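Chemist:
Numbering (UniProt numbering), first residue to last: 1 to 105.
This is the structure we're talking about:
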């Protein structure tokens, strides 16, 4: 199991203020997509982060490898909607996940 942090970068710093209809539709599909990933066991947690510098999204994935993580992240409807969203994927090689006593020391 590998753990990755997904960071969804919104189209502008003041997002979600003034969200356009296209952005709203992309976000609805985005939440449904990540709920599905959670139900499949690929995601531990996901949601918005109200950072004072600008809101962004987060998901923590537990997957087989980086290729699987990238495929999941690249499939996010917010990213594929061409509405200005982008993402970062960051490996967490030393993450300790609840219930994973083999990696806790």
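Quick reminder that beta carbons are idealized off the backbone N, C-alpha and C, glycines included. On a predicted model such as this, the values are computed, not experimentally measured, just so you know.
#1: Helix, strand or coil, according to DSSP, for residue 58 in the structure here?
#2: Out of 3, 16 and 4, point me to the one whose CA is closest to residue 84's CA.
#3: Return yes when the Cβ of residue 42 is within less than 8 Å of the Cβ of residue 62, no when it is not.
#4: With a cut-off of 8 Å on the beta carbons, I'd call residue 81 and residue 4 a contact; round off their distance for me.
#5: Would you mind stating whether residue 7 and residue 56 have Cβ atoms separated by less than 8 Å?
#6: Under a Cβ-count criterion, where at least 16 other Cβ atoms within 10 Å of its own Cβ denotes burial, should residue 27 be classed as buried or exposed?
#7: Count the other C-beta atoms from every protein chain shown that fall within 10 angstroms of the C-beta of residue 49, then say buried if there are 16 or more, exposed otherwise.
Modeler: The answer reads as follows:
#1: strand
#2: 16
#3: yes
#4: About 22 Å; that fails the 8 Å criterion.
#5: yes
#6: buried
#7: exposed
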